[in-house]
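Going down the list, the sequences are from chains V and P.
Mapping of the first sequence onto this note's numbering: residues 225 to 316, in sequence order.
Mapping of the second sequence onto this note's numbering: residues 181 to 594, in sequence order.
This report concerns only the one structure given below.
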Amino acid sequence: MRTICLLIGLTLAAPALADEDAIMLKDAPGKNLVEENCAACHSLDYVQMNSPFLDQKKWEATVKKMIDRMGALIDPKDAEQIVEYLAKNYGS
Amino acid sequence: MISRRQILKGAGSGALVLGTTALGAGLTLGRRSWAANAPVSPGVPDGTAASATLEALPGKKPLIKLSYRPPNYETPLEYFQDVLTPNDAFFVRYHLSDIPEVDAATWKLSVGGDAAATPAEYTLDDLKKNFEQVEIVAVNQCSGNRRGLSNPHVQGVEWGYGAMGNARWKGVRLKDLLEKSGIKKEAIEVAYNGADAGVTDKTPDFIKSIPAWRALDDSTMVVWEMNGAPLPHWNGFPVRLIVPGWTGTYWMKHLVSIDVRTQPQGGFWMNPAYRLPKGKFALVDRFVSQETDTNTPITEMVVNSLITNMGNGAKVQTGQPVEVKGLAWDGGNGIQMVEVSVDGGQNWRTADLGEDLGRFSFRPWSFRFAPATGAQSVMVKATSRIGASQPMEAIFNGAGYHHNAVQTIAITAG
């Protein structure tokens, strides 16, 4: 079903859903990596919603889960910086 | 070069555009104009309260948006005034972001598997013509409803009180489809898949299973109608599976295939997802073929209740009788009793129970009292027909499931 959806999406993609684009994560080093990697699969309000109660270790586990379990294609070096950004800006 | 993100976002908006056309609804509700108004439940994480907005998906009323993609939208308290939850206010919960608009005219349901003697394929017309149509009123509640109130907070979609709804569902019994396909005695589980998918091929597809005995229960149904209307797109159009009494994770939306199995279903969404530590909750239904030494799949809902006509911080008049109203429900035994305390839990008095739409339905209740001047608390506690009741504090578990702590609201009379 995914292929069909993608094809439909590509032909009618013009009016982007403005609402998701309005999500503003905190400006800090690593933000671009979060936007490029995490937003491939989910909107970035997931980050805001799950804050500020996860510590460094739990953010690390979360990113690891996304890679190992959910199939996120994140470069290990990028993953480190993503964890750093999340823990610093959306951590406990 | 077009990035993966652009492609995927395009796919998402494409689906929404189709939805808008089909349903005649607008996408004009701006995020900012509603941003301050999202009525989140008291106790959700600060980041949730700050990022949640009140917004409408195509065909839906403005609901509490917790995440855009995949879409997770919670029903505000105001829509729980009636025993049946309106379709256009019914909560929306997805795990995966690629959600196709399924065409009912070409939709097909396949039934097969190594424990089905005669595989079959059905159109919607086939289902309607060839099987007995039945209706049932049942609560659909997310396993993680009230996760946002977990103490300490745990990761996930940070739902408040509204990841649930009650509807009259119409369709056919799953049992009848399974019998038509000659379910073998070796069948231990019935698995099923919906049309939604992840955005990469590596994302585990959302496939769920239930024990064969639960699949053969009269209440487990394949439905196309909700409260007298076709299922809304966001609630599984054209056809979904319902498992009354059990949590929403088993209620597959956009159902496309049924797999009758002699072996347990694997995959992320069966294990490690949707698991409870063994022995922590006093539940009756077991899912033995999936149990491990330490954990078990979530099964039926725990008994629960909610005050619906007033929220925390409500102001009432002294000297006037106040009527508190709400809903109670459980995992299919039915509600025996609802009690209310207006003195911080020292004394409990019985509320009046309202219309009984069956053991899987919300049960409305009401309670009248004359408040003393000043601040006081109102608490509610339901008891099921098997004597299960609500704890004062939620039973902590890492995934934040089964939150059914007694609800307390602070009100002021003056």
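Note that the Cβ used here is the ideal one computed from N, Cα and C, for glycine as well.
Quick caveat: nothing in here was measured; it's all calculated off a predicted structure.
Distance, Cα to Cα, residue i vs residue j?
{"i": "D243 of chain V", "j": "D385 of chain P", "result": "26 Å"}
{"i": "A550 of chain P", "j": "L329 of chain P", "result": "30 Å"}
{"i": "A216 of chain P", "j": "S231 of chain P", "result": "Any reading at A216 of chain P needs caution, since the residue's pLDDT is 44, under 50, leaving its predicted position unreliable; the model's value is listed next. Distance between the alpha carbons of A216 of chain P and S231 of chain P is about 9 Å."}
{"i": "I589 of chain P", "j": "Y341 of chain P", "result": "13 Å"}
{"i": "A367 of chain P", "j": "V440 of chain P", "result": "6 Å"}
{"i": "R466 of chain P", "j": "T380 of chain P", "result": "33 Å"}
{"i": "T383 of chain P", "j": "K289 of chain V", "result": "11 Å"}
{"i": "D398 of chain P", "j": "K355 of chain P", "result": "7 Å"}
{"i": "R326 of chain P", "j": "A297 of chain P", "result": "42 Å"}
{"i": "F270 of chain P", "j": "N527 of chain P", "result": "35 Å"}
{"i": "Q500 of chain P", "j": "T553 of chain P", "result": "11 Å"}
{"i": "A568 of chain P", "j": "A462 of chain P", "result": "8 Å"}
{"i": "R212 of chain P", "j": "A531 of chain P", "result": "Interpretation of R212 of chain P is limited by its pLDDT of 38, a score under 50 that renders its predicted location unreliable; the figure taken from the coordinates is listed afterwards. Their Cα atoms are separated by approximately 41 Å."}
{"i": "G239 of chain P", "j": "D305 of chain P", "result": "25 Å"}
{"i": "S557 of chain P", "j": "Y314 of chain V", "result": "34 Å"}
{"i": "G228 of chain P", "j": "N252 of chain P", "result": "Checking the displayed sequence, the identity of residue 228 of chain P turns out to be Thr instead of Gly. Cα-Cα distance, rounded: 12 Å."}
Is the beta carbon of residue i within less than 7 Å of some heavy atom of the ligand GTP?
{"i": "N320 of chain P", "result": "In the structure shown, the ligand GTP is absent, as is every other ligand, since no ligand is present at all."}
Just the chain V side, please: which residues come within less than 7 Å of residue i by C-beta, in chain order?
{"i": "R249 of chain P", "result": "E244, H266 and S267"}
{"i": "T228 of chain P", "result": "M273"}
{"i": "E235 of chain P", "result": "D243"}
Take residue i as the anchor and find which of the options has the nearest alpha-carbon.
{"i": "A295 of chain P", "options": "P:F311, P:I363, P:V334 and P:G340", "result": "P:I363"}
{"i": "A347 of chain P", "options": "P:Y259, P:H275 and P:A375", "result": "P:Y259"}
{"i": "N172 of chain P", "options": "P:W528, P:I575, P:A494 and P:V482", "result": "Examination of residue 172 of chain P is not possible in this model, given that chain P is present from 181 through 594 alone."}
{"i": "F540 of chain P", "options": "P:G425, P:G499 and P:E519", "result": "P:G425"}
{"i": "T400 of chain P", "options": "P:A218, P:I575 and P:I316", "result": "P:I316"}
{"i": "V586 of chain P", "options": "P:V520, P:G292, P:A371 and P:M450", "result": "P:V520"}
{"i": "M273 of chain V", "options": "P:V334, P:V436 and P:T474", "result": "P:V334"}
{"i": "A598 of chain P", "options": "P:P418, P:P501 and P:S221", "result": "With chain P represented from 181 up to 594, any question about residue 598 of chain P goes unanswered, as that position is not in the structure."}
{"i": "N475 of chain P", "options": "P:T488, P:M490 and P:A453", "result": "P:A453"}
{"i": "R420 of chain P", "options": "P:K388, P:P444, P:A218 and P:G567", "result": "P:K388"}
{"i": "C322 of chain P", "options": "P:N310, P:Y430 and P:A218", "result": "P:Y430"}
{"i": "L297 of chain V", "options": "V:L249, V:G254 and V:C262", "result": "V:C262"}
{"i": "D278 of chain P", "options": "P:M344, P:A377, P:V504 and P:P225", "result": "P:A377"}
{"i": "L268 of chain V", "options": "V:I247, V:D251 and V:K282", "result": "V:I247"}
{"i": "G446 of chain P", "options": "P:L257, P:K505, P:A555 and P:Q470", "result": "P:Q470"}
{"i": "T255 of chain P", "options": "P:S361, P:M344 and P:L358", "result": "P:M344"}
Just mark residue i as buried or exposed, buried being the case when its beta carbon has 16 or more other beta carbons within 10 Å.
{"i": "K433 of chain P", "result": "buried"}
{"i": "A311 of chain V", "result": "buried"}
{"i": "T265 of chain P", "result": "buried"}
{"i": "V464 of chain P", "result": "exposed"}
{"i": "K365 of chain P", "result": "exposed"}
{"i": "E573 of chain P", "result": "exposed"}
{"i": "A285 of chain P", "result": "exposed"}
{"i": "G206 of chain P", "result": "Its pLDDT being 31, under 50, G206 of chain P is placed unreliably by the model, and the measurement read from it follows with that caveat. Flag for G206 of chain P reads exposed."}
{"i": "D536 of chain P", "result": "exposed"}
{"i": "A371 of chain P", "result": "buried"}
Does DSSP classify residue i as helix, strand or coil?
{"i": "T303 of chain P", "result": "coil"}
{"i": "T442 of chain P", "result": "coil"}
{"i": "I515 of chain P", "result": "strand"}
{"i": "F549 of chain P", "result": "strand"}
{"i": "N313 of chain V", "result": "helix"}
{"i": "K460 of chain P", "result": "coil"}
{"i": "G328 of chain P", "result": "helix"}
{"i": "K255 of chain V", "result": "helix"}
{"i": "N415 of chain P", "result": "helix"}
{"i": "I291 of chain V", "result": "helix"}
{"i": "T592 of chain P", "result": "strand"}
{"i": "G538 of chain P", "result": "coil"}
{"i": "M401 of chain P", "result": "strand"}
{"i": "E480 of chain P", "result": "strand"}
{"i": "N489 of chain P", "result": "coil"}
{"i": "Q272 of chain V", "result": "helix"}
Residues of chain P with a CB under 8 Å from the CB of residue i: which are they?
{"i": "P276 of chain V", "result": "P225, D226 and G227"}
So residue i contacts chain P; which residues on that side make the cut at Cβ distance below 7 Å?
{"i": "L297 of chain V", "result": "T380"}
Starting from the beta carbon of residue i, find every residue of chain P whose beta carbon is closer than 9 Å, and list them in chain order.
{"i": "Y314 of chain V", "result": "G227"}
{"i": "Y309 of chain V", "result": "Result: empty, since nearest Cβ-Cβ is about 15 Å, beyond 9 Å."}
{"i": "M294 of chain V", "result": "G378, T380, K382, T383, P384 and F448"}
Going along chain V, which residues have a C-beta under 8 Å from residue i?
{"i": "Q335 of chain P", "result": "N274, L278, K282 and T286"}
{"i": "L243 of chain P", "result": "Here the premise fails: no neighbours, minimum Cβ distance about 13 Å."}
Just to make sure I have the definition right: I need the residues of chain V whose C-beta is within less than 9 Å of the C-beta of residue i. Which are they?
{"i": "L421 of chain P", "result": "The premise fails here: L421 of chain P is roughly 17 Å from chain V at the closest Cβ pair, so nothing lies under 9 Å."}
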